[in-house]
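Q:
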Amino acid sequence: KAGVTQTPRYLIKTRGQQVTLSCSPISGHRSVSWYQQTPGQGLQFLFEYFSETQRNKGNFPGRFSGRQFSNSRSEMNVSTLELGDSALYLCASSLGSPQETQYFGPGTRLLVL
Amino acid sequence: QKEVEQDPGPLSVPEGAIVSLNCTYSNSAFQYFMWYRQYSRKGPELLMYTYSSGNKEDGRFTAQVDKSSKYISLFIRDSQPSDSATYLCAQNNQGGKLIFGQGTELSVKP
Numbered sequence: 005k006a007g008v009t010q011t012p013r014y015l016i017k018t019r020g021q022q023v024t025l026s027c028s029p030i031s032g033h034r035s036v037s038w039y040q041q042t043p044g045q046g047l048q049f050l051f052e053y054f055s056e057t058q059r060n061k062g063n064f065p066g067r068f069s070g071r072q073f074s075n076s077r078s079e080m081n082v083s084t085l086e087l088g089d090s091a092l093y094l095c096a097s098s099l100g101s102p103q104e105t106q107y108f109g110p111g112t113r114l115l116v117l
Numbered sequence: 008q009k010e011v012e013q014d015p016g017p018l019s020v021p022e023g024a025i026v027s028l029n030c031t032y033s034n035s036a037f038q039y040f041m042w043y044r045q046y047s048r049k050g051p052e053l054l055m056y057t058y059s060s061g062n063k064e065d066g067r068f069t070a071q072v073d074k075s076s077k078y079i080s081l082f083i084r085d086s087q088p089s090d091s092a093t094y095l096c097a098q099n100n101q102g103g104k105l106i107f108g109q110g111t112e113l114s115v116k117p
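Chains F and C, in that order, give the protein sequences. For the first sequence, the positions run 5 to 117 when our numbering is used. For the second sequence, the positions run 8 to 117 when our numbering is used.
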């Protein structure tokens, strides 16, 4: 079974631009969670989608948004990019029950100049 | 205080050593505990998953949860250079939201 895939793998943007990242979960998984990883803050939860609905949200500003499609694929969008948004963005998928294991993709490395 | 505390290291050990990695957590409601391993420039991969207290063993890896002291540990026996990575403890108490420790960077020297 194929793992979680994320596109693009690397991205360079400038301040003020917006960016859209994509995540394809493991086949059959209905939950997709997004995380931001930085050297200073570590791995922080952004939001989780299940059956096209946002089920959980972390403490990030409204510039960070996401959505999930009927095939469980998910996108996250960051508008008005700031230098501090430079990070590795990871998505993880699971079957969707609270105790289910989350499996991570390779991440998208975003650099904001 | 962070919900999950983990010593970031770095930790350097010789090949064959027993490695002990530890985390403490503050929320007694946590029920599910995980250890992930992350190689440089890769996504985290699940190593161990435990529910509530007790030990779980998988090959050279043993995960231990002590809910009375809010302490979780990962032991690696006969450590190998290929074990060099960052190890992240995580708790799942709210559906799709994992709360991670800072991660401990481990280096196993041949």
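Heads up, the beta-carbon is just placed ideally off N, CA and C, and yes, glycines get one too. Given the structure is predicted, the values throughout are model-derived calculations rather than measurements.
In three-state terms, what does DSSP make of F/L87?
A: The count along the first sequence starts at 1 and reaches residue 87 of chain F at position 83. In this structure, F/L87 counts as helix in the three-state DSSP scheme.
Q: Taking DSSP's pairing of strands, which residues face F/T9 in a bridge?
A: Residue numbering aside, residue 9 of chain F sits at position 5 when the first sequence is read from its first letter. F/S28.
Q: If C/Y43 sits next to C/E52, beta carbons under 8 Å apart, how far is it from one beta carbon to the other, in whole angstroms?
A: Against the second sequence, residue 43 of chain C aligns to sequence position 36. Against the second sequence, residue 52 of chain C aligns to sequence position 45. Sure, about 6 Å apart at Cβ, within 8 Å.
Q: Contact defined as beta carbons within less than 8 Å: I believe F/E56 pairs with F/S74. What is the distance between those atoms, to the nearest angstrom?
A: Your numbering for residue 56 of chain F matches position 52 in the first sequence. Your numbering for residue 74 of chain F matches position 70 in the first sequence. Right, their Cβ atoms sit about 6 Å apart.
Q: Against chain C, does F/F49 count as a neighbour if the rule is that its beta carbon must be under 8 Å from one of theirs?
A: On the first sequence, position 45 is the one that residue 49 of chain F refers to. Judged by the 8 Å Cβ criterion, F/F49 is in contact with chain C.
Q: Contact criterion: CB-CB distance below 8 Å. Does F/F108 meet it with respect to chain C?
A: Position 104 of the first sequence, counting from 1, holds the residue named residue 108 of chain F. Interface residue, yes.
Q: At what residues does the beta strand (DSSP E) containing C/Q71 begin and finish?
A: Working through the second sequence from its first residue, we reach residue 71 of chain C at position 64. That run of the beta strand (DSSP E) goes 68-73.
Q: Within 10 Å of its beta-carbon, does C/Y32 have 16 or more other beta-carbons around it, so buried, or fewer, so exposed?
A: Here residue 32 of chain C corresponds to residue number 25 of the second sequence, with the count starting at 1. Per the 10 Å Cβ criterion, buried.
Q: In chain order, what residues of the same chain lie with their CB nearer than 7 Å to the CB of F/Q72, ignoring the 5 residues before and after it?
A: Position 68 of the first sequence, counted from the first residue, corresponds to residue 72 of chain F. So the list reads V36, Y53, E56, S78, once near-sequence residues are dropped.
Q: Taking only three categories from DSSP, how would you classify C/D7?
A: The requested residue 7 of chain C does not occur in the structure, where chain C is confined to residues 8 to 117.
Q: Work out the CA separation of F/Q41 and F/F68 for me, nearest whole Å.
A: On the first sequence, residue 68 of chain F is found 64 positions in, with the first residue counted as 1. On the first sequence, residue 41 of chain F is found 37 positions in, with the first residue counted as 1. When rounded, the distance between both Cα atoms is 14 Å.
Q: Closest to C/A24 by C-alpha separation, out of C/I79, C/S76, C/G66, C/S86, would be which residue?
A: As a first step, residue 24 of chain C must be located in the second sequence, where it is residue number 17. Of C/I79, C/S76, C/G66, C/S86, the residue nearest in Cα terms is C/S86.
Q: Would you list, in sequence order, the uninterrupted alpha helix (DSSP H) runs of no fewer than 4 residues that lie entirely inside the region 47-91 of chain F?
A: Within the region 47-91 of chain F, no complete alpha helix (DSSP H) run reaches 4 residues.
Q: List the DSSP bridge partners of C/L28.
A: Start at 1 with the first residue of the second sequence, and residue 28 of chain C comes out as number 21. C/L28 is bridged to C/L81.
Q: Compute the Euclidean distance between the alpha carbons of C/D1 and F/G7, then round it to the nearest angstrom.
A: Because chain C spans 8 through 117 in this model, residue 1 of chain C falls outside it and cannot be assessed.
Q: Could you compute how far the alpha carbon of F/R13 sits from the alpha carbon of F/C27?
A: Mapped onto the first sequence, residue 13 of chain F falls at position 9. Mapped onto the first sequence, residue 27 of chain F falls at position 23. Cα-Cα distance, rounded: 11 Å.
Q: When you compare only the Cα positions, how much space is there between C/S59 and F/E104?
A: Position 52 of the second sequence holds residue 59 of chain C. Position 100 of the first sequence holds residue 104 of chain F. For C/S59 and F/E104, the distance between alpha carbons rounds to 14 Å.
Q: To which residues of the same chain is F/R34 closer than 7 Å at the C-beta, ignoring the five residues directly before and after it?
A: As a first step, residue 34 of chain F is located in the first sequence; it is residue number 30 there, counting from the start. Excluding sequence neighbours, F/R34 sits near F54, S55, S76, L99, G100.
Q: Under 7 Å Cβ-Cβ, which residues of chain F neighbour C/G50?
A: Counted from its first residue, the second sequence places residue 50 of chain C at position 43. In chain order: L94, F108, G109, P110, G111.
Q: Measuring straight from C-alpha to C-alpha, what distance separates C/E112 and C/G61?
A: Residue mapping note: residue 112 of chain C aligns to position 105 of the second sequence, counting from 1. Residue mapping note: residue 61 of chain C aligns to position 54 of the second sequence, counting from 1. So the alpha carbons of these two residues sit roughly 25 Å apart.
Q: From the DSSP output, which residues share a beta bridge with C/S19?
A: Residue 19 of chain C sits at position 12 when you count from the first residue of the second sequence. BP columns for C/S19 point to C/S114.
Q: If we count the other Cβ atoms within 10 Å of its Cβ and call it buried at 16 or more, is F/I16 buried or exposed?
A: On the first sequence, position 12 is the one that residue 16 of chain F refers to. Exposed.
Q: According to DSSP, which residues form a beta bridge with F/K17?
A: Along the first sequence, read from residue 1 onward, the residue named residue 17 of chain F stands at position 13. F/V116, per the DSSP bridge assignment.
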